[in-house]
Structures are given as C-alpha cells and as structure tokens.
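A short worksheet on the structure shown next.
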Amino acid sequence: METEAYRGEDDPGSHASRGPTQRNRVMFGPGGFLYVYFTYGMHFCMNVVTEGGGASGAVLIRALEPIGGIETMNRLRGGREIRELCNGPAKLCQALGVTRELNGLDLTGDMMWISDDGFRPGAIELSSRIGISAGRDKPWRFFVAGSPFVSPGKASPVRTHPILRRR
DNA sequence: TTCGTGATACCC
DNA sequence: GGTATCACGAAC
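Per the numbering used here: the first sequence = residues 21 to 187.
Put into structure tokens, the structure is as follows:
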C-alpha cells in the first residue's frame, strides 16, 4: 500500500498549485470525493479529495495489495502476477476499472468506498514523491515498510515515519 | 533508457 | 492558434 499527499496552492507539485481549472476542479470541492485525472495520453490515476471548505488537497493512491477480485483485475490488466496488478497509480486504476467517468464520485456512496479491514502495518516509511519535477523536497510519499505491493519507483531518502511507527 | 500517446494549460 | 509539459508504464 502506498499513497502520496498533495496540498493546494502552496504545494508546487500539486495539480492545484495554480488554482482551479477544468481538470482539477474536484480537488477544490468537498472532501471524500474521487479525483481522477488522465495523463501521458493513456493513463488514469485516482486521488481522494481531503480538504473542502474552499481549500484544495488530495491523496494519490499509488499502490494497493490485492485481497479479492483477482480474476477481474487479471482480466482488466491482461493476466499478470498478483504483485503486478496494483503496484502503480495507473496500474491500479486499470485493475479496478477506474476511468474519467468516475471523476467526482462520492466515496461515501455504495459504488466505491474506503474501509478499515483491520490490517495494521508494522511500520510506515516515507520518501519524496515520485515523478514530479517541483516539490521534490517534501517527504509526502507513504508506504508500508517491506511490502512487495508498493510501486517499483525508487525515491530517496526513505525514512521511517516518526509517529506511525509501531511496537 | 526510450518512447508511446493525447489532454491540458498557458502563451500568444 | 502553437507547444511544452505531464503525480506513467512497458519494452528495450
């Protein structure tokens, strides 16, 4: 599991850094909604909007550990190993069938939602964010330490989260 | 490391 | 209108 945090106009790495546009308008809406964007001519990526109240911000979902629905995800991604199904932000959108049609979806509805399944990571590590040219200084990429299901992209430095460390 | 692929945003 | 850039992935 892996995420990245993106803030608003104070974060040069964020889509929201230059204010609201047609593309990023969902980021400026209420929290708990899905922000899906299209990039590089062929990829979708998904975020959870976090702020609301006129501010902007979102969490990019970069990797997931497949728990169920493996058959379906395999079909959507052309038959790959389980660890290759959701280990990247565009890969997981393909595996889950997330496209621009779901931009703005209410994540408190009954189509897609986030819930606590009881899993607790041993430790969470953080690093700089992947694939951005501005805002590399902020260590806002979070991932489960030692998980084989995080994206292959290398970022440094990597360090253990000072608060979320366990045991 | 290179390239596919096209929307987006911002500059005229 | 033109064009540089892009929160990526797969194949070299």
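Glycine included, every Cβ here is placed at the ideal spot set by N, Cα and C.
What are the boundary residues of the beta strand (DSSP E) that includes residue i?
i, result
"Thr23", "Glu22 to Tyr26"
"Ala115", "Run containing Ala115: none in the beta strand (DSSP E); it sits in the alpha helix (DSSP H), Pro109 to Leu116."
"Tyr55", "Leu54 to Thr59"
"Ala83", "Ala78 to Ala83"
"Gly170", "First, the amino acid is wrong: residue 170 is Val here, not Gly. No beta strand (DSSP E) contains Val170, which DSSP labels as neither H nor E."
"Ser135", "Here Ser135 belongs to no beta strand (DSSP E), and DSSP marks it neither H nor E."
Would you check if the distance between the CB atom of residue i and the CB atom of residue j is smaller than 9 Å?
i, j, result
"Leu122", "Val56", "yes"
"Met93", "Leu116", "yes"
"Val79", "Gly52", "no"
"Arg179", "Glu145", "yes"
"Val46", "Gly124", "yes"
"Ser167", "Glu85", "yes"
Taking the straight line between their C-alpha atoms, what separation do you get for residue i and residue j?
i, j, result
"Arg186", "Gly142", "Residue placement at Arg186 is flagged as unreliable, the pLDDT there being 48, under the threshold of 50; a coordinate-derived value is accordingly withheld."
"Pro32", "Pro159", "14 Å"
"Gly49", "Gly72", "5 Å"
"Glu29", "Met62", "27 Å"
"Ile90", "Gly99", "10 Å"
"Asp157", "Tyr60", "24 Å"
Between which residues of its own chain and residue i is the CB-CB distance below 8 Å, once the five residues before and five after are set aside?
i, result
"Val170", "Met21, Glu22, Arg82, Ala83, Asn107, Phe163 and Val164"
"Phe64", "Val56, Tyr57, Phe58, Ala110, Cys113, Gln114, Val118, Thr119 and Arg120"
"Arg27", "Ser34, Ala36, Ser76 and Gly77"
Between which two residues does the alpha helix (DSSP H) harbouring residue i extend?
i, result
"Met93", "Ile90 to Leu96"
Between the options, which has its C-alpha nearest residue i's C-alpha?
i, options, result
"Val118", "Phe58, Gly52 and His181", "Phe58"
"Ala175", "Trp133, Gly124, Asp137 and Ser147", "Ser147"
"Asn67", "Gly89, Asn44, Gly129 and Gly155", "Asn44"
"Ala25", "Arg97, Gly155, Leu127 and Phe139", "Gly155"
"Gly39", "Gly74, Glu101 and Ser153", "Gly74"
"Gly138", "Leu54, Gln42 and Ile87", "Ile87"
If I measure Cβ to Cβ from residue i and keep anything under 6 Å in the same chain, skipping five residues before and after, which residues do I get?
i, result
"Gly173", "Ile150"
Near residue i, what residues of its chain come up, given a Cβ to Cβ distance below 7 Å and the 5 sequence neighbours on each side ignored?
i, result
"Leu96", "Gln114, Ala115 and Gly117"
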